[in-house]
Amino acid sequence: MWPRPSLLRCQRDQGCILDPAASADPKFSAELERGSDRPASGRPLRHEGRRTQSRPAALGLVPYWAKDLNVGFANINAKAEGIETRPAFRDAFQRRRCLVPVDNFYEWKKTETRKQPYAIALADGSVMALAGLWENWRSRAGEWVRSFAIITTTPNELCAELHNRMPVVLKPEAWPVWLGEDHVDASSLKALLGPLPSDEMTCWPVSARVGNVKNNDPSLIERIAA
Numbered sequence: 005m006w007p008r009p010s011l012l013r014c015q016r017d018q019g020c021i022l023d024p025a026a027s028a029d030p031k032f033s034a035e036l037e038r039g040s041d042r043p044a045s046g047r048p049l050r051h052e053g054r055r056t057q058s059r060p061a062a063l064g065l066v067p068y069w070a071k072d073l074n075v076g077f078a079n080i081n082a083k084a085e086g087i088e089t090r091p092a093f094r095d096a097f098q099r100r101r102c103l104v105p106v107d108n109f110y111e112w113k114k115t116e117t118r119k120q121p122y123a124i125a126l127a128d129g130s131v132m133a134l135a136g137l138w139e140n141w142r143s144r145a146g147e148w149v150r151s152f153a154i155i156t157t158t159p160n161e162l163c164a165e166l167h168n169r170m171p172v173v174l175k176p177e178a179w180p181v182w183l184g185e186d187h188v189d190a191s192s193l194k195a196l197l198g199p200l201p202s203d204e205m206t207c208w209p210v211s212a213r214v215g216n217v218k219n220n221d222p223s224l225i226e227r228i229a230a
């Protein structure tokens with residue numbers, strides 16, 4: 005599951021991955037500029053007291069103790085089950101949680117002859133806020149990289165027809181808790197990491213062009229005949 009190019013907004017020790025590029029939602033698009041899926045290293049987040057600042061972040065969480073960036077390719081997704089104890093994610097789960105707004109995400113459904121990609125979105129067309137974690141990592145050369153992972157959970161009925169996992173989609177009322185604005189314990193945070201009900205989501209078949217990362221245009225999310 006890949007979000008569109010995203011940006012990271014951080015408040016205190018929490019953060020928010022924002023996608024301004026393709027979203028029509030003014031809450032996200034009005035304040036940011038386009039980033040990249042995996043930017044070059046050395047792009048630190050800027051802090052100004054309690055104000056939020058936007059900066060690019062690399063998809064694939066690299067723990068601060070990792071020896072190199074390659075660890076991130078194994079940490080694009082973080083399973084909700086055991087996330088509070090897994091070494092790669094436990095520190096970020098405690099202190100560096102974020103939101104990853106996307107218009108939709110993609111999954112592939114196996115057919116008798118091929119794999120058909122589907123776009124999955126909220127039924128009302130609004131932006132999805134995926135639960136995520138972020139980290140800072142410093143190379144031996146002193147360069148800083150900020151990276152993030154998307155948390156996944158067991159699928160709802162809709163997504164189960166396409167895949168055995170789905171991203172955690174957080175409703176607006178859960179955002180303050182997830183971002184640390186409301187203090188709660190770990191068990192309360194874990195309770196947020198379940199599947200969104202199927203009746204709040206929709207999906208449709210899209211072109212196989214979405215499977216090539218070189219393609220990046222609005223036609224990728226257009227409905228096609230399955």
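Numbers given in this note's numbering equal positions in the sequence shown, counted from 1, plus 4. From the three backbone atoms N, C-alpha and C, an ideal C-beta is built for every residue, glycine too.
Contacting residues, own chain, Cβ-Cβ under 7 angstroms from residue i (five flanking each side not counted)
i	result
Val188	Val181
Asn219	Arg213
Ile228	Pro209, Val210 and Ser211
Asp186	Pro180
Gly215	Pro121
Rounded straight-line distance, which links the Cα of residue j to that of residue i
i	j	result
Ala164	Val172	14 angstroms
Gln120	Glu139	34 angstroms
Leu63	Glu116	32 angstroms
Lys71	Ala135	26 angstroms
Asn81	Ser192	21 angstroms
Asn74	Trp141	12 angstroms
Ala84	Gln98	13 angstroms
Ile124	Ala230	15 angstroms
Cys102	Ala153	9 angstroms
Pro224	Arg118	Looking at the sequence provided, one finds Leu at residue 224 rather than Pro. Their backbone Cα atoms lie some 18 angstroms apart in a straight line.
Gly86	Thr158	13 angstroms
Val217	His167	20 angstroms
Asp221	Arg144	37 angstroms
Ala178	Gly76	27 angstroms
Short CB-CB distance (under 8 angstroms) between residue i and chain D
i	result
Trp148	No chain D is part of this structure, which consists of one protein chain only.
Residue i, enclosing alpha helix (DSSP H) - first and last residue
i	result
Glu161	Glu161 to Ala164
Pro176	No alpha helix (DSSP H) holds Pro176; DSSP gives it neither H nor E.
Arg99	Arg94 to Arg99
Beta strand (DSSP E) segment containing residue i, residue limits
i	result
Leu193	No beta strand (DSSP E) contains Leu193, which is instead part of the alpha helix (DSSP H) from Ala190 to Lys194.
Ile80	Careful: Ile80 lies outside any beta strand (DSSP E) and carries neither H nor E.
Thr156	Trp148 to Thr157
Pro121	Lys119 to Leu126
Lys114	Phe109 to Lys114
Pro209	Met205 to Pro209
Other residues of its chain near residue i: CB distance less than 8 angstroms, five sequence neighbours each side excluded
i	result
Asn160	Met170, Pro199, Leu200, Pro201, Ser202 and Met205
Ile155	Asn81, Ala82, Lys83, Ala84, Ile87, Leu134, Ala135, Gly136, Leu137, Pro171, Val172 and Leu197
Pro176	Ala133
Whole-Å CB distance - residue i paired with residue j, under 8 angstroms assumed
i	j	result
Ala96	Leu137	4 angstroms
Leu162	Cys207	6 angstroms
Same chain only: Cβ atoms within 6 angstroms of residue i, ignoring 5 sequence neighbours per side
i	result
Arg55	The predicted position of Arg55 is uncertain, since its pLDDT is 40 and thus under 50; no value can be drawn from it.
Ala190	Glu88
Any non-hydrogen atom of the ligand COA within 7 angstroms of residue i CB
i	result
Glu165	The ligand COA is not part of the structure shown, which contains no ligands of any sort.
So does the stretch 63 to 70 actually touch the stretch 88 to 107, counting three or more Cβ pairs closer than 8 angstroms?
For the pair of segments examined, the stretch 63 to 70 was found to touch the stretch 88 to 107: the number of CB pairs separated by less than 8 angstroms reaches three.
Is the number of C-beta pairs between the stretch 110 to 124 and the stretch 185 to 203 that are closer than 8 angstroms three or more?
When Cβ pairs closer than 8 angstroms are counted between the two stretches, the stretch 110 to 124 is seen not to touch the stretch 185 to 203, the count staying below three.
The stretch 144 to 151 contacting the stretch 123 to 130, beta-carbon criterion three pairs below 8 angstroms
By the Cβ rule, the stretch 144 to 151 does not count as touching the stretch 123 to 130, because fewer than three pairs are nearer than 8 angstroms.
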